[in-house]
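Beneath this line is the structure, given in structure tokens, with notes to follow.
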Amino acid sequence: MAAEPLTGDPMFRRTLTRLLVARLLLAGSGVGLALALAVDGRSPAEEFGLWAVLAVAFGSTAVSAAWMNRLRRPRRFSVVQLGADVAAVSALVHFSGGGASPFGFLYLPITVFGAMLFHRRGAYGSAILSSLAYGGVLAAGSGETPGEVTFAVWCGHTGGLLLVALLASALADEVRLTGERLDDSRARLRALASLHERTVECLTSGLLTLDADARVSFVNPEGERILGTLAVDLVGRPLGDVLPGAEALAQDAEAARGRTRSRLQVPGADGETRHLGLALSILRDASGGPAGHVVIFQDVTEVVRMERELQLRSRLAGVGELAASIAHEIRNPLAAISGSVELLRGGVEPSERERLMSIVLREIGRLDALIGDFLQYARPAPPKLERVALAPLLGEVVEMLRAAAPAEIRIEQDADPEARALGDATQLRQLVWNLVRNACDALEGSGRIHLAARRLEHPPQGVGDADRKRPREGALGVEIIVSDNGRGIAAADLERIFDPFFTTKPEGTGLGLATVHRIVESHGGALHVESPSGGGTRFRVQLPAAVAP
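In terms of this note's numbering, the sequence shown has 1382 at position 251, counting the first letter as 1, and numbering is strictly consecutive.
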């Protein structure tokens, strides 16, 4: 039969160790009890036997404790120990008065020990063995005691032992199950802790945790590499010292529903500026309350460099496309002017000369308008922000349009008199005028144009970064709507209508809507266009609202 190493059952080893300590305490209590209950009528043989048994109990317990870690069959050893304990207690009972001995209660701990070591079988086995041994001691020393009394004492003692066995076995089973669950929980906790540690170490992003005072409490290895500083030098330092500027994110995290993102520029260990992308969220405890913050960051310096290169290339490509478009737009008027001048130089009739001169003047005016539109688009003046009432502004545009538009075009206006935008009045007037002229061209001589202005319950989501760079005075927004019932915009053209020089009109420059987009962008607003397949177009311009004076 293979040996059974003690280390193979940690729970059994712990139980056996506890029982050895308990056996030693019981032996000590036996000595104290023997001293306290010394009887003068006890014979020398009984006195010697009593102390000899106690000495053997102490000695065997010490030897067992010394050899416990060397045992090859600890369960068999435990069975022998239980038998030896029953024999020792029986000897104590025999040498201290038999049925009147005060040591009879020691059978009860043996039953408990059996339950703790071998559960139900050990409990009842120890109880039965103790009962038989006690019965033997009673039978050997009954003397003049009637047999009925001896039998009653034995039955009462046996009943007590069996009851203790029942309770101890149930308790031992519960302790065993609890211990197994505890060991399983410990194993899972160790596995989870190991997984957490490996996961944090393998992250390709830096990880910081902050305590309630916004001081660094943990840094992972990637965070050490990005920051160029060891964790021991970072733990305990304020967040602002480790990541300058990140403390503002921690203050804004609650307002941003517990998490926020940003980019920061921090000095690197090599003296160069590094760009870090940060995501900060609130760290909560088991009850859900805030216990600090978690900061995840990455070194995006190379990404920023690539973005700048792409932006530069995009601008250069845009400049090239813009130059080609300008050259194309200028070439046609120049060709007409050149041809007319050539004919004039060759000598023509007065009536023909007048026609040619009108062509030259018309094309020069066209060039002037083209250059004016281009300069307005390419070099827009920064908006002079002020409170602009939209109802009067739309009224001015409507009056100008009625003077220039065909009589068959019906113009409607519906503006909230309380709608006030935070913007440049001149640029906003130009914006509405361009949209209205675009709608008028789409109607081709007849139809309906509707202008509206209203207040919004939310600020506009800007088309660019202007709304983040410029502080807003208004918490809400306003909206200008220009709609018509014309032919609409083809689906293929919707994505290009704001591109410079893109136009579907024979005489258009393609800068009107591009200028509208630029003005909206400079105001930190948003521009939306809707053109359903059934016809009609609606432009919605959302702008920051002005606060009340």
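For each residue, glycine too, the CB sits at the ideal point set by N, CA and C.
| Asked | Found |
| --- | --- |
| Beta-carbon proximity list for R1537, same chain, < 6 Å, skipping 5 on both sides | Checking the sequence, you will find Pro at residue 1537 rather than Arg. Result list for P1537: G1576, in chain order. |
| Beta-carbon proximity of A1345 to G1423, cut-off 9 Å | yes |
| Start and end residues, beta strand (DSSP E) containing D1545 | 1540-1546 |
| CA-to-CA distance, L1320 to G1310, given in whole angstroms | 15 Å |
| Nearest-angstrom Cβ-Cβ length linking L1516 and V1647, presumed shorter than 8 Å | Contact flag wrong, Cβ pair sits at about 18 Å. |
| Per DSSP, the bridge partner or partners of D1344 | Note: D1344 sits in no beta bridge, so no partner. |
| Distance, F1226 Cα to L1239 Cα | 19 Å |
| Backbone secondary structure at I1468 - three-state DSSP | helix |
| Endpoints, the beta strand (DSSP E) within which P1675 is located | 1668-1675 |
| Beta-carbon proximity of V1660 to I1620, cut-off 9 Å | yes |
| Buried or exposed (CB count within 10 angstroms, at least 16 for buried), P1663 | exposed |
| Member of E1279, G1229, H1654 whose CA lies at the smallest distance from the CA of V1672 | H1654 |
| Neighbour-count burial assignment, P1675, 16 or more Cβ in a 10 Å radius | buried |
| Contact check, R1392 vs V1435, beta carbons under 9 Å | no |
| Per DSSP, the bridge partner or partners of P1398 | T1404 |
| C-beta atoms of L1338 and V1211 nearer than 9 Å | no |
| M1488, buried or exposed, once every other Cβ within 10 Å from all chains shown has been counted against 16 | exposed |
| Spatially closest choice to R1586 from A1573, D1572, L1607, S1232, by CA coordinates | L1607 |
| Limits of the alpha helix (DSSP H) - the one that V1613 falls within | Note, V1613: premise wrong, no alpha helix (DSSP H); beta strand (DSSP E) at 1608-1615. |
| Beta-bridge partners of N1430, as assigned by DSSP | In the sequence under discussion, the amino acid at residue 1430 is Asp, which differs from the Asn named in the question. The partner list for D1430 (beta bridge, DSSP) reads L1407. |
| Assumed close pair G1371, V1347 - CB separation to whole angstroms, cut-off 8 Å | No, G1371 and V1347 are not in contact; Cβ-Cβ is about 11 Å, not under 8 Å. |
| Test item: CB-CB of V1609 and V1567 under 9 Å | no |
| Under 9 Å between C-beta atoms of G1245 and G1253 | yes |
| Three-state class that DSSP yields for T1360 in the structure shown | coil |
| C-alpha distance - R1579 paired with R1669, whole-angstrom precision | 12 Å |
| For R1206, the three-state DSSP class (helix, strand or coil) | helix |
| For A1303 and D1315, the rounded distance between their alpha carbons | 18 Å |
| Inter-residue CB distance, W1285 and G1256 (contact presumed, cutoff 8 Å) | Actually they do not touch by this definition, with Cβ atoms about 18 Å apart. |
| Contact check, C1571 vs D1615, beta carbons under 9 Å | yes |
| Exposure of E1604, with buried meaning 16 or more beta-carbon neighbours within 10 Å | Low confidence applies to E1604: its pLDDT is 41, below 50, so where it sits in the model is not reliable enough to give any reading. |
| Cutoff 6 Å; reference G1617; Cβ partners in own chain excluding five residues on either side | A1573, L1574, G1578 |
| Cβ neighbour criterion (16 or more within 10 Å) applied to A1296 | buried |
| Environment of D1555 [buried if 16+ CB atoms lie within 10 Å] | buried |
| Cβ-based neighbour list, T1340, same chain, cut-off 7 Å, excluding 5 preceding and 5 following | S1348, F1349, L1414, G1423, V1425 |
| Candidates H1250, L1269, I1259, A1215: closest to S1232 by CA position | L1269 |
| Cβ neighbours of R1207 in the same chain (closer than 6 Å, five flanking residues each side left out) | none |
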